[in-house]
């Protein structure tokens with residue numbers, strides 16, 4: 003039986019109230035070691051500027067390309083019956099350490115203010131050479147906060163590249179979050195079917211953005227084939243049968259670069275090739291819109307003369323298109339709205355109501371970063387220290403993910419996975 007989330011629209015559960023109780027972790031040691039004047043973020047960026055011209059919004063239009071059903075059936079026929087998320091969690095063979103067992107160096111990746119109320123660190127031996135990326139949860143997948151009977155966190159990582167210009171592989175940690183005092187996980191390799199479903203290749207892309215919506219996982223892509231987003235079906239996780247560094251069909255079965263499971267893509271979304279077309283650097287889910295929407299942020303360098311763009315796509319409400327974006331008969335997906343922001347080097351992006359939350363790294367690349375809340379009326383940053391400095395956030399958070407049922411924002415930086423209430427972010431704004 004397929005493991006499916008229970009899509010209870012706009013339901014506010016009560017079962018997780020106890021899940022949120024408890025005092026905040028004592029994770030503010032890093033604040034005493036970092037001066038608010040070490041690095042500065044941009045001056046007040048002001049209000050968001052709406053993009054309304056057809057020429058500007060046309061650059062944001064996606065084209066949907068789904069993998070033929072016959073290819074997926076052929077791959078499943080060769081690899082064996084797909085397994086569900088529950089089976090993957092049952093095979094969790096790694097454990098995250100709680101905050102008390104994390105080193106002071108690891109905790110340097112946590113926000114200075116507001117402080118994280120949950121924090122965990124990944125094992126160095128398990129993540130050495132891999133770069134942390136996006137986070138999404140079963141709070142994105144279903145608004146009751148669960149996938150089937152489980153609470154789940156997905157953590158994206160990118161491996162080291164090989165030859166010059168070669169991108170690293172992408173893998174996702176499936177984290178069993180039923181007991182937040184004991185998180186366990188296992189690795190799943192992201193792949194792309196090739197040769198008509200007779201084989202697959204690894205997704206060679208930095209996982210800077212990731213959203214699990216209904217039964218689909220959408221992942222940002224930059225692996226050189228023109229895709230802006232890849233789409234994965236969470237009901238199509240496949241077991242690897244050979245433990246080897248190779249990827250795909252090998253003598254004796256199927257290999258996933260040492261991972262026990264592999265998730266093959268079921269589709270992709272591509273942007274046009276016109277000059278000035280932005281590529282999504284970070285994505286997240288916004289349940290405050292009707293229909294729910296995928297929001298995206300463009301990464302721009304600090305010395306870029308242009309302004310970064312923020313935009314959103316509506317999710318489809320058509321029967322049989324669960325988790326896919328709202329496309330017309332030709333597969334075209336227009337942006338539902340778009341803005342420009344003066345904030346550069348945007349890492350994580352989150353939108354709720356009229357507000358957009360944007361994280362960015364510090365100007366010097368080493369100290370704490372900044373977190374802004376911006377809308378069409380203006381912008382405010384989180385503040386910390388006696389002088390009210392704006393460099394209070396985690397150094398490099400690739401994504402921000404809002405768990406609606408618990409009211410928490412999840413992210414990761416360095417080897418730290420952490421969460422804090424959205425209300426604490428709003429209270430720290432000045």
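In our numbering, the protein residues as written are 3 to 432.
C-beta atoms are modelled at their ideal positions from N, C-alpha and C, and glycine is treated no differently.
In three-state DSSP terms, what is residue i?
i, result
"residue 285", "strand"
"residue 188", "strand"
"residue 90", "helix"
"residue 157", "strand"
"residue 303", "coil"
"residue 43", "Residue confidence is low: residue 43 scores 46 on pLDDT, short of 50, so the model does not pin down where it sits. Its coordinate-derived value is still stated next. It is coil, neither helix nor strand."
"residue 179", "coil"
"residue 197", "helix"
"residue 128", "helix"
"residue 57", "helix"
"residue 1", "The question about residue 1 has no answer, for the chain in this structure spans 3 to 432."
"residue 381", "strand"
"residue 101", "helix"
"residue 343", "strand"
"residue 235", "strand"
"residue 357", "strand"
"residue 309", "coil"
"residue 209", "coil"
"residue 297", "strand"
Hey, out of the options, whose CA is closest to residue i's CA?
i, options, result
"residue 202", "189, 226 and 240", "240"
"residue 77", "123, 319, 193 and 224", "193"
"residue 45", "398, 426 and 383", "383"
"residue 158", "303, 188, 429 and 386", "188"
"residue 274", "128, 333, 48 and 292", "333"
"residue 234", "357, 215, 251 and 51", "215"
"residue 66", "105, 207, 315 and 251", "315"
"residue 374", "360, 364 and 386", "360"
"residue 381", "109, 356, 133 and 401", "356"
At which residues does the alpha helix (DSSP H) containing residue i begin and terminate?
i, result
"residue 109", "106–109"
"residue 427", "424–429"
"residue 142", "140–143"
"residue 75", "71–81"
"residue 115", "No alpha helix (DSSP H) holds residue 115; DSSP gives it neither H nor E."
Given a threshold of 16 other Cβ atoms within 10 Å of its Cβ, counted over all protein chains shown, does residue i qualify as buried or as exposed?
i, result
"residue 321", "exposed"
"residue 70", "exposed"
"residue 276", "exposed"
"residue 83", "exposed"
"residue 330", "exposed"
"residue 95", "exposed"
"residue 245", "exposed"
"residue 247", "exposed"
"residue 137", "buried"
"residue 217", "buried"
"residue 102", "exposed"
"residue 130", "exposed"
"residue 292", "exposed"
"residue 160", "buried"
Within 7 Å: the Cβ of residue i and any heavy atom of the ligand MG?
i, result
"residue 193", "For the structure depicted, the ligand MG is absent and the ligand set is empty, with no information on it obtainable."
Check for me: the beta strand (DSSP E) holding residue i runs from which residue to which?
i, result
"residue 221", "218–222"
"residue 249", "249–252"
"residue 395", "Here residue 395 belongs to no beta strand (DSSP E), and DSSP marks it neither H nor E."
"residue 258", "255–258"
query = Any contact of the segment 50–62 with the segment 204–211, i.e. 3+ C-beta pairs under 8 Å?
reply = These segments do not touch.
Does the pairing of the segment 389–397 with the segment 57–77 give three or more beta-carbon distances under 8 Å? Look at the beta carbons and you see the segment 389–397 not touching the segment 57–77: under three pairs across the two are nearer than 8 Å.
### Task
Flag this pair as touching only if the segment 173–190 and the segment 147–157 have three or more C-beta atom pairs under 8 Å; answer yes or no.
The answer is yes - the segment 147–157 touches the segment 173–190, with three or more Cβ pairs under 8 Å.
The segment 222–238 contacting the segment 406–420, beta-carbon criterion three pairs below 8 Å | The segment 222–238, when compared against the segment 406–420, does not touch it at the 8 Å Cβ threshold.
Review point. Quick one: any contact between the segment 90–110 and the segment 344–362, if contact means 3 or more CB pairs under 8 Å?
Key: Flag = no, the segment 90–110 and the segment 344–362 do not touch.
inquiry  = Pairs of beta-carbons, one from the segment 250–259 and one from the segment 293–303, closer than 8 Å: are there three or more?
reply    = Counting Cβ pairs under 8 Å, fewer than three are found: no touch.
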